[in-house]
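Asker: Quick one: the structure is below, and I'll ask about it shortly.
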Amino acid sequence: MPTELKNNAEESMESDADFLSTDAPFDEFRVIKAEDGQRLDLLLTSRYEPYTRSHLQGLIKNGSVTVNEKPCKSAQKVSENDLVEITFPPVRDLDIKPENISLDILYEDDDLIIVNKPKGMVVHPAAGHCSGTLVNALLYHCKDSLSGINGVLRPGIVHRIDRDTTGSLIVCKNDKAHQSVAAQLKEHSITRKYRAIVHGRLKEDGMVHASIGRHPQHRKEMAVNVPGGKDAVTHYHVLETFEQFTYIECQLETGRTHQIRVHMKSIGHPVLGDEVYGPAKCPFPGLQGQTLHAMTIGFIHPATGEYIEIEAPLPEYFEELLRKLRRTSQ
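Take a look at the structure:
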């Protein structure tokens, strides 16, 4: 892959938090104070996303995990300063198969397809999660018409949104289209507008300008103003205020991992339903994950050179939440 294209592809996937960042087959860490008393399997699940809990339990059972250099069990409680060592099996190619999963297609032509991703769907396969993803559905729908720049695990995928975030996502059908869209992402020229419901009352529009990087203690989380963080800018516009919540539109200048979720938390207004960055107890029982929707995406079409903008309608769960909040605020 040419260096420029490779860099564009890497930049476009910078928000990809679903792949394990560990390069070596062996890792070790000391249990920190905040993790004291946790079950070992739950601790590993939080640290080694996206490995599933059952996959990590299997590693514990076969002796690939030790605590203080001793054999351990999944239900074992860890203590602060315990030394946890884990050996991962050799990386194997995942068998990614097409699956007949329904797609909500917002736009499609010979160069690209824009889909409205539902809540709960992972964008692409990863270790321990090889089926039911958007890529599985795309392989069935597009067959061999997907770009290969990001390899067999992420065919056509130029950018991603989190599992419980809904909305518009661009997928490229050929390498030329992929290169064009990736370059626009790198230049931050793509229009990306999200809708969100956040905790608390925001009285006016604003902007959050704070770098984002991996949390120093919690590997599955991101944080603002940490060493090595990347510059990030989020603009937010107040659409509607309620007694305890605010309905907003966010426009991204950059595309960092969990950007809106981390930025809104940093100013004291986490996204409603966010199980990572929000309050421990959700005020709406049954709500799964953050109330965040990638509504609008606009870019220069790689073949025609014309600007196109696509809008994904709010999902029904989101509309119902707004109706409830309006009723209770009257």
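At position 330 of the sequence shown (counting the first as 1) the number is 355 in our numbering, and the numbers step up by one without a gap. Every residue, glycine too, gets a C-beta built ideally from N, C-alpha and C. Fair warning: this is a prediction, and the values are worked out from it, not measured in the lab.
By the DSSP assignment, the beta strand (DSSP E) with Q276 in it spans what residues?
Answerer: Here residue 276 corresponds to residue number 251 of the sequence shown, with the count starting at 1. From DSSP, the beta strand (DSSP E) with Q276 extends over 270 to 277.
Asker: Using a Cβ-Cβ cut-off of 8 Å (strictly less than) and excluding sequence neighbours within five positions of I335, which residues of its own chain qualify?
Answerer: Translated into the one-based positions of the sequence shown, residue 335 becomes position 310. So the list reads L131, Y132, I139, S193, T321, I322, G323, once near-sequence residues are dropped.
Asker: Give every residue of the same chain whose Cβ lies closer than 7 Å to the Cβ of D48, excluding the five residues on either side of it in the sequence, and list them in chain order.
Answerer: Position 23 of the sequence shown, counted from the start, is the residue given in the question as residue 48. Residue confidence for D48 is low, a pLDDT of 39 falling below 50, so the modelled location carries little weight and cannot support an answer.
Asker: Using the beta-carbon count (16 or more within 10 Å), is F51 buried or exposed?
Answerer: On the sequence shown, residue 51 is found 26 positions in, with the first residue counted as 1. F51 comes out exposed.
Asker: Nearest chain D C-beta to G323 closer than 8 Å, yes or no?
Answerer: The question asks about chain D, but that chain is absent: this structure has only one protein chain.
Asker: Rounded to whole angstroms, what's the CA-CA distance from V148 to E345? Just pull it up for me.
Answerer: What you label residue 148 is simply residue 123 of the sequence shown in a count that begins at 1. What you label residue 345 is simply residue 320 of the sequence shown in a count that begins at 1. About 25 Å.
Asker: Span of the beta strand (DSSP E) holding L194?
Answerer: Taking the sequence shown and counting its residues from 1, the one referred to as residue 194 is at position 169. 191 to 197 is the span of the beta strand (DSSP E), which, as asked, contains L194.
Asker: What does DSSP give as the partner residue(s) for D52 in the beta ladder?
Answerer: Residue numbering aside, residue 52 sits at position 27 when the sequence shown is read from its first letter. Answer is I111, bridged to D52.
Asker: Bridge partners for M320 per DSSP, in chain order?
Answerer: Taking the sequence shown and counting its residues from 1, one reaches residue 320 at position 295. Looking at the DSSP assignment, M320 forms no beta bridge with any residue, so it has no partner.
Asker: How would you write the range of the alpha helix (DSSP H) that M247 sits in, first residue to last?
Answerer: On the sequence shown, residue 247 is found 222 positions in, with the first residue counted as 1. Premise fails: M247 lies in the beta strand (DSSP E), 247 to 249, not in any alpha helix (DSSP H).
Asker: DSSP three-state call for Y302: helix, strand or coil?
Answerer: Against the sequence shown, residue 302 aligns to sequence position 277. Note: Y302 maps to coil in three-state DSSP.
Asker: Quick one: measure Cβ to Cβ for T271 and V258, integer angstroms, because I've assumed they're closer than 8 Å.
Answerer: Start at 1 with the first residue of the sequence shown, and residue 271 comes out as number 246. Start at 1 with the first residue of the sequence shown, and residue 258 comes out as number 233. In fact, because the Cβ distance is near 20 Å, the residues do not count as touching under 8 Å.
Asker: Could you give the residue range of the beta strand (DSSP E) that holds A221?
Answerer: By 1-based counting over the sequence shown, the position of residue 221 is 196. Segment 216 to 224, the beta strand (DSSP E) holding A221.
Asker: Between the beta-carbon of P180 and the beta-carbon of L164, is there less than 8 Å?
Answerer: Stepping through the sequence shown from its first residue, residue 180 is reached at position 155. Stepping through the sequence shown from its first residue, residue 164 is reached at position 139. In this structure, L164 lies closer than 8 Å to P180 by Cβ.
Asker: Let's see if you can read the secondary structure: which residues bound the alpha helix (DSSP H) around G311?
Answerer: Residue numbering aside, residue 311 sits at position 286 when the sequence shown is read from its first letter. Unbroken run through G311: none, as it is neither H nor E.
Asker: Which residue wins for smallest C-alpha separation from Q242, given the options A235, H234, P252?
Answerer: Within the sequence shown, numbered from 1, the residue matching residue 242 stands at position 217. Among A235, H234, P252, the Cα nearest to that of Q242 is on P252.
Asker: Going by the DSSP bridge assignment, what does E133 pair with across the sheet?
Answerer: Residue numbering aside, residue 133 sits at position 108 when the sequence shown is read from its first letter. The partner list for E133 (beta bridge, DSSP) reads I138.
Asker: Can you tell me which of the three DSSP states E212 falls into?
Answerer: Walking along the sequence shown from the start, residue 212 turns up at place 187. Residue state, collapsed to three classes: coil.
Asker: Would Y338 and S205 be called neighbours here (beta carbons separated by less than 8 Å)?
Answerer: Along the sequence shown, one-based indexing puts residue 338 at 313. Along the sequence shown, one-based indexing puts residue 205 at 180. Checking the displayed sequence, the identity of residue 338 turns out to be Pro instead of Tyr. No; because the gap between Cβ atoms is not below 8 Å, this pair is not in contact.
Asker: Here's the rule: buried if 16 or more other CB atoms are within 10 angstroms of the residue's CB, otherwise exposed. What is I57?
Answerer: As a first step, residue 57 must be located in the sequence shown, where it is residue number 32. With fewer than 16 other Cβ atoms within 10 Å, it is exposed.
Asker: Among all the DSSP beta bridges, which residues are the ones paired with E265?
Answerer: By one-based count along the sequence shown, residue 265 stands at place 240. E265 pairs with Y272.
Asker: What is the DSSP secondary structure of H260, reduced to helix, strand or coil?
Answerer: Counting from 1 along the sequence shown, the entry for residue 260 is found at position 235. Strand.
Asker: Are N125 and R55 close, meaning C-beta to C-beta below 8 Å?
Answerer: The sequence position of residue 125 within the sequence shown is 100, counting from 1. The sequence position of residue 55 within the sequence shown is 30, counting from 1. Cβ atoms of N125 and R55: not closer than 8 Å.
Asker: L69 and C97: beta carbons closer than 8 Å?
Answerer: For the purposes of this step, residue 69 is taken as residue 44 along the sequence shown, with counting starting at 1. For the purposes of this step, residue 97 is taken as residue 72 along the sequence shown, with counting starting at 1. Not a contact, by the Cβ cut-off of 8 Å.
Asker: Check each candidate in R185, D134, G176 and name the one with the smallest Cα separation from L159.
Answerer: Taking the sequence shown and counting its residues from 1, the one referred to as residue 159 is at position 134. L159 has its Cα closest to that of R185, out of R185, D134, G176.
Asker: Strictly by DSSP, which residues pair up with G231?
Answerer: As a working note, residue 231 is residue 206 in the sequence shown. For G231, which the question treats as bridged, DSSP gives the partners Y261.
Asker: Please report the straight-line C-alpha distance between S46 and E246, rounded to a whole angstrom.
Answerer: For the purposes of this step, residue 46 is taken as the residue at position 21 of the sequence shown. For the purposes of this step, residue 246 is taken as the residue at position 221 of the sequence shown. Note that S46 scores 32 on pLDDT, short of 50, meaning its location in the model is unreliable; the coordinates nonetheless yield the value given after this. Using only the alpha carbons, I get a separation of about 13 Å.
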